[in-house]
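Residue numbers (my numbering), protein chains in the order written: chain A, 73 to 151; chain B, 8 to 276. Positions of the beta carbon are idealized from the N, C-alpha and C atoms, including for glycine. First comes the structure, then the notes that go with it.
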Amino acid sequence: MEADVTIILKKGVADPEGSNVKKALNLLGFDEVRKVQTMKTFRIDLATEDRGKAKKDIDEMCKKLLANPVIQTYRVEIR
Amino acid sequence: MDTDDIRVAVLLIEGTNNEGEVYLAFKRLGAEPEFVHLKQLMHEKDIFDYQCLMIPGGFSAGDYIRAGAIFAARMKSTLCKKLIEFAKNGYPVGGICNGFQVLVELGLLPAFDSVMSNYPQAALAINDSSRFECRPTLLKHESKGNCIFTKKIPYQEVVLMPSAHAEGKFLFPLEKKDEYLQYLIDNDQVVFRYVGPQGDYAGYPWNPNGSIHNIASICSPEGNVFGMMPHPERVFYGFTHPDWTRVHKENGDGKAVFESVLDYIRRKF
């Protein structure tokens with residue numbers, strides 16, 4: 073089973089990379105770009121078909137390593 | 008204990024690359040530093056064979072996920088109990104640059120309510136400039152005596168130490184920012200703050216990353232766990248200061264950090 077785990081900066085936390093990309097896109101003439109947010113996705117292949125277990129394990133992975141709760145949240149999508 | 012009996016573990020994993028100067032700083036002062044790979048502490052070596060644990064800078068595990076996150080997670084899964092015991096017993100634990108990021112990810116800093124929090128209570132996020140910032144930085148020493156790594160630096164003295172990092176912006180959770188910052192100040196946990204040439208708490212480029220309260224370095228409430236983004240080991244001698252040909256200092260500003268911790272160990276153990 074594959075899962076996409078996306079790590080997202082919490083609302084209000086500065087995203088300098090996103091702001092820089094927005095600026096670059098504006099400079100390239102894409103004037104309609106109002107905001108760019110960066111997020112990181114990990115595609116994780118799990119040796120299980122149990123969706124409940126997969127979800128639980130991924131929560132644990134996020135808490136232990138993938139996300140820092142001070143500045144990040146995460147979204148899990150089981151494919 | 009005597010200086011030459013003091014054993015310092017300079018802890019490494021893949022991607023650590025600032026270990027040489029940290030090792031030399033202790034060696035030059037007469038202590039017995041040793042490079043120790045994290046895996047060695049799982050089998051053949053014990054953390055209690057040492058009186059001081061130093062986590063040097065670099066790009067541990069390629070800075071993947073977040074800087075220091077993988078190193079911290081591996082330390083937590085293999086050393087957690089011993090590490091808590093080590094810090095609880097008053098042994099010094101220091102982290103420089105990537106090492107500071109590791110200590111924050113581990114929950115050993117700022118450690119408001121226990122020696123090691125279950126989850127991080129702070130973050131060292133991407134610099135506001137979104138770039139790797141590499142240059143000498145001026146730091147005002149703000150510890151009123153709590154931090155054992157800086158006892159030899161006078162209160163409010165401005166020192167120069169180089170910064171070199173892409174993720175050094177010290178942050179608290181937004182909803183708890185003011186409360187946590189107040190804890191940090193009340194507990195005498197703020198050790199260094201970035202300043203401008205007039206000693207003022209200036210913004211960029213003096214504050215290279217956009218840290219709240221211009222924070223460059225903090226310690227634990229007990230003062231024996233210490234992390235800083237700039238590199239004291241790179242200014243051990245006066246001649247490594249950028250203005251040395253004009254100023255001719257004998258000692259570099261970073262030397263006092265290593266002298267302070269050795270002095271503490273000599274007295275306490």
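- In the DSSP assignment, residue 144 (chain A) forms a beta bridge with A:81.
- For residue 201 (chain B), the enclosing beta strand (DSSP E) begins and ends at 197 to 202.
- Here DSSP, grouped into helix, strand and coil, assigns residue 170 (chain B) to strand.
- Annotation: residue 123 (chain B) to residue 231 (chain B) spans about 13 Å, alpha carbon to alpha carbon.
- In the displayed model, residue 113 (chain A) falls within a strand according to three-state DSSP.
- Taking the Cα positions, residue 242 (chain B) is about 6 Å away from residue 248 (chain B).
- Residue pairing by DSSP puts residue 148 (chain B) in a beta bridge opposite B:199.
- Short of 8 Å from the beta carbon of residue 97 (chain B), and not among the five residues preceding or following it, lie these beta carbons of its own chain, in chain order: 229, 231, 275.
- When the beta-carbon positions are compared, residue 59 (chain B) and residue 268 (chain B) come within less than 8 Å of each other.
- According to DSSP, residue 141 (chain B) shares a beta bridge with B:171.
- Burial check for residue 201 (chain B): the Cβ neighbour count within 10 Å reaches 16 or more, so the residue is buried.
- Inclusion of residue 215 (chain B) and residue 259 (chain B) in the CB contact set at 8 Å is not warranted, their separation being larger than that value.
- At a beta-carbon threshold of 7 Å, the residues of chain B lying near residue 89 (chain A) are 133, 137, ordered along the chain.
- Any Cβ of chain B closer than 8 Å to the Cβ of residue 142 (chain A) would place that residue at the interface, and such an atom is present.
- For the segment 97 to 117 of chain B, the beta-carbon criterion of a distance under 8 Å to any beta-carbon of chain A is satisfied by 112.
- When the alpha-carbon of residue 105 (chain A) is set against those of A:111, A:136, A:113, A:96, the nearest one is in A:96.
- Judged by DSSP in its simplified three-state form, residue 263 (chain B) adopts helix.
- Among the residues facing chain B, residue 98 (chain A) is not included, as its CB has no counterpart in that chain under 8 Å away.
- Put simply, of B:126, B:172, B:21 the residue whose alpha carbon is nearest the alpha carbon of residue 238 (chain B) is B:172.
- Three or more pairs of CB atoms, one per stretch, sit closer than 8 Å, so the segment 195 to 213 of chain B contacts the segment 138 to 149 of chain B.
- Put simply, the CB of residue 72 (chain B) is near chain A, with a gap under 8 Å to one of its CB atoms.
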